[in-house]
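There are 4 protein chains.
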Amino acid sequence: MAGSGFGTNFRITTWGETHGAGVGVVVDGCPAGLPLEREDVQKYLDRRKPGQSKYTTQRKEGDQVEILSGIFEGRTTGTPISMVVYNKDQRSKDYSNIKDIYRPGHADFTFDMKYGFRDYRGGGRSSGRETIGRVAAGAVAAKVLKELGIEIKAYAKAIAGIEVSKDHFDFAEMNNNPFNMPDKEAAKLVQEKADQMIKEMDSIGGIIECQITGMPVGIGETVFDKLDAELSKAIMSIGSVKGFEIGDGFEVANLRGSENNDDFICVDGKVEKETNHSGGVLGGMSDGSAIVFRAAIKPTPSIAQTQKTVNRDLDNVEIEIHGRHDPMIVPRAVVVVESMAAVTILDGVLKNLGATMDNIKKIYGE
Amino acid sequence: MAGSGFGTNFRITTWGETHGAGVGVVVDGCPAGLPLEREDVQKYLDRRKPGQSKYTTQRKEGDQVEILSGIFEGRTTGTPISMVVYNKDQRSKDYSNIKDIYRPGHADFTFDMKYGFRDYRGGGRSSGRETIGRVAAGAVAAKVLKELGIEIKAYAKAIAGIEVSKDHFDFAEMNNNPFNMPDKEAAKLVQEKADQMIKEMDSIGGIIECQITGMPVGIGETVFDKLDAELSKAIMSIGSVKGFEIGDGFEVANLRGSENNDDFICVDGKVEKETNHSGGVLGGMSDGSAIVFRAAIKPTPSIAQTQKTVNRDLDNVEIEIHGRHDPMIVPRAVVVVESMAAVTILDGVLKNLGATMDNIKKIYGE
Amino acid sequence: MAGSGFGTNFRITTWGETHGAGVGVVVDGCPAGLPLEREDVQKYLDRRKPGQSKYTTQRKEGDQVEILSGIFEGRTTGTPISMVVYNKDQRSKDYSNIKDIYRPGHADFTFDMKYGFRDYRGGGRSSGRETIGRVAAGAVAAKVLKELGIEIKAYAKAIAGIEVSKDHFDFAEMNNNPFNMPDKEAAKLVQEKADQMIKEMDSIGGIIECQITGMPVGIGETVFDKLDAELSKAIMSIGSVKGFEIGDGFEVANLRGSENNDDFICVDGKVEKETNHSGGVLGGMSDGSAIVFRAAIKPTPSIAQTQKTVNRDLDNVEIEIHGRHDPMIVPRAVVVVESMAAVTILDGVLKNLGATMDNIKKIYGE
Amino acid sequence: MAGSGFGTNFRITTWGETHGAGVGVVVDGCPAGLPLEREDVQKYLDRRKPGQSKYTTQRKEGDQVEILSGIFEGRTTGTPISMVVYNKDQRSKDYSNIKDIYRPGHADFTFDMKYGFRDYRGGGRSSGRETIGRVAAGAVAAKVLKELGIEIKAYAKAIAGIEVSKDHFDFAEMNNNPFNMPDKEAAKLVQEKADQMIKEMDSIGGIIECQITGMPVGIGETVFDKLDAELSKAIMSIGSVKGFEIGDGFEVANLRGSENNDDFICVDGKVEKETNHSGGVLGGMSDGSAIVFRAAIKPTPSIAQTQKTVNRDLDNVEIEIHGRHDPMIVPRAVVVVESMAAVTILDGVLKNLGATMDNIKKIYGE
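Here the protein sequences line up with chains Y, G, W and E, keeping their order.
Using the working numbering, read the first sequence as starting at 2 and increasing by one per residue.
Using the working numbering, read the second sequence as starting at 2 and increasing by one per residue.
Using the working numbering, read the third sequence as starting at 2 and increasing by one per residue.
Using the working numbering, read the fourth sequence as starting at 2 and increasing by one per residue.
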């Protein structure tokens, strides 16, 4: 069943395997007239590129994107934008030893059971490299949103239990450490932990938080296609994400109604909320506050320690996964989270255009 | 934009407002030949019916379902199953005082901003009563799944911070307390807490957990339509849910790869996992273990305490919400979670039918 | 597989069997703020109601619609509009003789093969009565379109080979004959033919033409979701329709490019076409001219003559279909064609809202 | 709005402009385990390649396809198949003279109105070159269908009013003339006509017929997603198609029920129809007979004669379109029709897999 597309009015379809010819995306439904050039997309891809520090995979990929359609004289034309990144440094031989073995924590076993066989090289379609298409599409969506005053920022909120502290939170700091952590002190502790993990041939997980500001009120449909439900699917569809929460999230289980409700207040003729426990969404629709959500990211499943597993002949065997793997997924997943949020929000924005007769008449009015 | 439908191959479309004529659902894509009678659906609805204890709203609704189509001589025909529950005890006057006021924690404000006005009676479309359609559809999906050996069980895992203990866990106990809690001792503590809340005109939240057993391996698509992503959207689309996690969920942020990976082992010619940190899903596909997920439920936003808010004229005002509200949402939401899980799993099962040429030939083979 | 829904941004889902409890539709995605009352829908349904003349089935159905949701204080709220018509005069016993026999020209055989069995009463889901949901939804769509200046008019262009003549064409005349024919003379000839058919226990087919005026330019997507492609699916999905053509349709096969091209001309600062061979669509997008399409309608398959066929036991048998059937389908299908056109055009209009950055900024601009 | 995708369970998304970097398609939902190599696709593309005779455009394009994903060790893996054909002989300068002018019969005007501007080079996205993606996808679908015993054959049935005669019909003859016409005599007459058109700087239209054999009974959904409705949309979405009919098509308007009904007969334990007026579909579902449909193709709108039109400044101007255009569209459209039919039928086949509980149990049975 077709399952490589996301979104309705703004729809992206990704394709590609990590050791095939390349990976890419077709972006369908992008409004016409958006100034867009290769560099807009490239700078997003550069944020997820491998080999940026010793804490990410040492695979050498320039990850240079080519835009094959949908742009004319520097602007989007309203037709599909096809983007491709050809694979370069594939080293397929690295993976021949896992050809017939199911790596714990990976999709090898389920892939084989579902499809009868699999492209075993580097995880094939289930590799993190699949997210290149998401990020290229996200770059386009984010640029549309920026023109509407909507901005999306994700960052590492916690890695291996080390949290960004409210007191030291500083967006600018994100670019000064290899972890995308907006807290200098926390990043230092994470670095120590990461060095230790590499030594111990182990890996660590963490939490990514994302803030979306400048939201109009009313984006999101009221029942199944609630904005938070769509965001949840978008984020949970990223490999390695095991949880999603918005606003106070799981903490609401311990709050009273009187604590969790956000009082409304009118300030200078504008309705605001005194707090933001809701995370910017009420009844599935954006409420004008910042949207704040978090994703739980599991530790990289590929570790060099000896693990017990099973092979295709159903023998119990042992496996050690050497190769070029990130000791943690969080830093490179930050821009993927941001991208999927951008795609989701833009789709919601477009869906909302026809919400009222008044809106429609603004466009077909004359 | 249409947003009241869920699912692709098995698709449900709900409709209705809490104080309109009724609420209902159209179930499209149910396989033909399933024995189905009104009672199969009614017993699901009875589990979410109001007025079952003093801890749920005292609104009197028999919630008797009528099946209007899609069944012939006791079996599904493959055509849409339309089901309706007419509203009886509507007491619209209860809500006239909130006609022009935005209740904190509710969708009143966002509804007005999105659509220009709203059916203010009891929350209109955003009332919990909307879930009747989901539960009726879930009853049908669950019956199909049962014939395939798949069973879904949800329960209150925690309310107001009081958790079910592993030692006392007993499914049978769920029916002996008004909270759907599979732990006699925990339920007692919750009851005390709930009595206190009623006295203090406040409300409490909690966590619902859901287990799905008997899953074939390979259900779920590999990229955007991952099984956990679909489940996440399904569950987050239920009003009041603020978080979703699968397997170890947010706890993975603190685990090492060596701890979080589930080793495979072959037992009697069958591949199993020694642990189930993954929650039954690997790479977006079911791995044959039990699927285990949790949803965070916020406390009922309607509380009788005085709250600050804003009215349609943008005056700062105060509000006290009297009426017939549940002091907690968790107990009645249990069957809603179960229902949405059933709909999602069945849709995934149907999507998977054409995964391989071999499958297809099994059906078109002769 | 779910197949009872149509449209994306404006989506309708129909349900119901001709001898079940009733038939209906859920309209999802209708913009909020449209004045709508029961009578708006009823007058469309009255146009397809049985028993209006001796040339349509004598089944007695008031076909009174109930609107169960989505309207508040006389206006649409943006939530799903559920509408139902309960079946009254069902006479199921009429059909017991065809329980095990496959009527030629009907869906009995294919239904049984696909689903294993069928609701044999009166064609079940495949009865023309299924179109009630389409017409109710079409009434809503047409009302939205009217507010945007778009009008849709269908009529019988030919019945049994008797064509409306260009010289006598008069829309007003449609209501003066039971055939929805805008030509007094042609209608008279059809009446004679119809009387003869009743005597001879036979039936006749015809052609419905539809004109859509007031179209903005640019409605329709450029590749698969071309406006004419969507219209084609909408119309071909009506039972008994065997062909669809737009503009000069099949006649283009005999035209030269120099004949078939419509020259553009600018009149008073407005671009027009000197002719309308294209039928109002260029490259899948509306071109501002009237959209003109035609549908070929087969003769009613239920005839009282003796026919050869097969029963469920695969015996070769004979069948005579008595009962209350229309000797021709065309007259009552006119409003169904109009309704499906309205649904399709409105969906196209809503899809087009986000075509350009400029459009989007008109709505999110302030 | 996204509109470059087609199909649900088997979904194709095309992209590309005629004078951009290339054109392509992503095929999502192809079952795993199908033997597939580049040559399978290339031979379909070769059938629509330009420059094959003087009756088709002289543009020189090798149209060599590259498969970038979804195949491993010679078989489909179940993941998206991305295919691309890079543009070579683009000669953009040919089109500078039409940059600001709206060609009659083309999408120039509607494109500009919808999107505010357009890629004017050679029709951009609305060029016939867009169909390369469709044909590549169709080659894949056709190969799946062939394994199930389903075969699809399209051919030119009439060009410029010259029809294939029943008496001379010979499939083998198709490859002996440049028109894909299965009748030697008719092809000769067409050739004379075509030579005349080239001299007169004009163009001609025609009719393509398509036969699908080996269909299982019951493919197609019963209401909106009828098989003939889906086919109709698929075919009408091909540029230049102005009409679609199935079985007797528009001729049914002149038939009586007693003539148009196909009697069933049981032969050797198999239900057959004595005639095939229905064209292989009853009630939207395949009935086991050959599916037979026709498409009306308009004459090429690009002609070298002087035509009147309008430019972007709304001046009335004259235009002569020189360049490399086909004097007729029919011959190269034959494989496009076949391809869209294949995609539609396969999608229908996959949708039908879950029609009954019995089917489902065949797959999840053990």
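Every residue gets a Cβ at the ideal spot worked out from N, C-alpha and C, and that includes glycine.
Close partners of residue 360 of chain W in chain Y (Cβ separation under 8 Å): 32, 354, 364. With contact defined as three or more Cβ pairs closer than 8 Å, the segment 189–207 of chain G and the segment 119–136 of chain G are not in contact. Around residue 231 of chain G, the beta-carbon contacts reaching into chain Y at under 8 Å are 234. Using beta-carbon distances, residue 343 of chain W does not count as an interface residue toward chain G, since no partner is under 7 Å. Remark: three or more beta-carbon pairs, one from each stretch, lie closer than 8 Å, so the segment 342–355 of chain Y and the segment 8–15 of chain Y are flagged as touching. In this structure the segment 240–260 of chain E lies against the segment 287–305 of chain E, because at least three pairs of beta carbons, one per stretch, are closer than 8 Å. For residue 148 of chain E, the C-beta contacts it makes with chain G under 9 Å involve 358, 361, 362, in order along the chain. Here residue 45 of chain Y really is in contact with residue 336 of chain Y; their C-beta atoms are around 6 Å apart, less than 8 Å. By the neighbour-count definition (other C-beta atoms within 10 Å, threshold 16), residue 206 of chain E is a buried residue. Listed in chain order, the alpha helix (DSSP H) elements of length 4 or more contained wholly in the segment 83–134 of chain W are 109–116. Shown here for residue 281 of chain E: same chain residues with a beta carbon closer than 8 Å to its own, the five before and five after excluded, namely 213, 216, 247, 248, 287, 288, 289, 290, 291, 292, 293 in chain order. Judged by DSSP secondary structure, residue 207 of chain E falls within the beta strand (DSSP E) whose first and last residues are 207–214. As computed with DSSP, residue 29 of chain E is found in a beta bridge with E/12. No Cβ-Cβ contact shorter than 7 Å links residue 139 of chain E with residue 76 of chain E. If the five residues before and after residue 261 of chain E are omitted, its C-beta is found closer than 6 Å to the C-beta atoms of 253, 278, all from its own chain and listed in chain order. Linking residue 315 of chain Y to residue 20 of chain Y through their CA atoms gives a straight-line distance of about 26 Å. Going by C-alpha positions, residue 102 of chain W is about 54 Å away from residue 125 of chain E.
Any Cβ of chain Y closer than 7 Å to the Cβ of residue 69 of chain W would place that residue at the interface, and such an atom is absent. Around residue 82 of chain Y, no beta-carbon contact reaches into chain G at under 7 Å, the shortest distance being about 18 Å.
Residues of the same chain with a CB within less than 7 Å of the CB of residue 158 of chain E, apart from the 5 flanking positions on each side, are 164, 165, 208, 209, 210, 295 in chain order. In chain order, 259 make up the part of chain E whose C-beta sits under 7 Å from the C-beta of residue 306 of chain W. Apart from sequence neighbours up to five positions away, the residues of its chain that approach residue 57 of chain G with a beta-carbon distance below 8 Å are 51, 179, 327, 332, 333, ordered along the chain. Inter-residue distance for residue 78 of chain E and residue 71 of chain E is about 6 Å (C-alpha atoms, whole angstroms). The residue among E/14, E/37, E/41, E/36 with its C-alpha nearest the C-alpha of residue 29 of chain E is E/14.
Unbroken beta strand (DSSP E) runs of no fewer than 3 residues, entirely contained in the segment 39–78 of chain W, are found at 66–68, following chain order. Contact check between the segment 168–185 of chain E and the segment 260–275 of chain W: fewer than three CB pairs, one atom from each, fall below 8 Å, which does not count as touching. In its chain, beyond the 5 residues on either side, 7, 341 have a beta carbon closer than 8 Å to the beta carbon of residue 238 of chain W.
The contact set of residue 79 of chain E on chain G, defined by CB atoms closer than 8 Å, consists of 223, 356, 357 in chain order.
Of G/66, G/74, G/82, the smallest CA-CA separation from residue 89 of chain G is found for G/66. If the five residues before and after residue 49 of chain W are omitted, its C-beta is found closer than 6 Å to the C-beta atoms of 136, 333, 336, all from its own chain and listed in chain order. When DSSP states are grouped into helix, strand and coil, residue 237 of chain W belongs to the helix group.
Cβ contact annotation for residue 64 of chain Y (same chain, cutoff 6 Å, sequence separation greater than five): 46, 50, 86, in chain order. Interface annotation for the segment 36–57 of chain W against chain Y: empty, criterion Cβ-Cβ distance under 8 Å. Residue environment: residue 122 of chain W is assigned as buried (16 or more neighbouring CB atoms within 10 Å of its CB, all protein chains considered). About 5 Å separates the Cβ atoms of residue 219 of chain G and residue 114 of chain Y, confirming a contact at the 8 Å cut-off.
In the DSSP assignment, residue 257 of chain E falls outside any beta strand (DSSP E) and carries neither an H nor an E.
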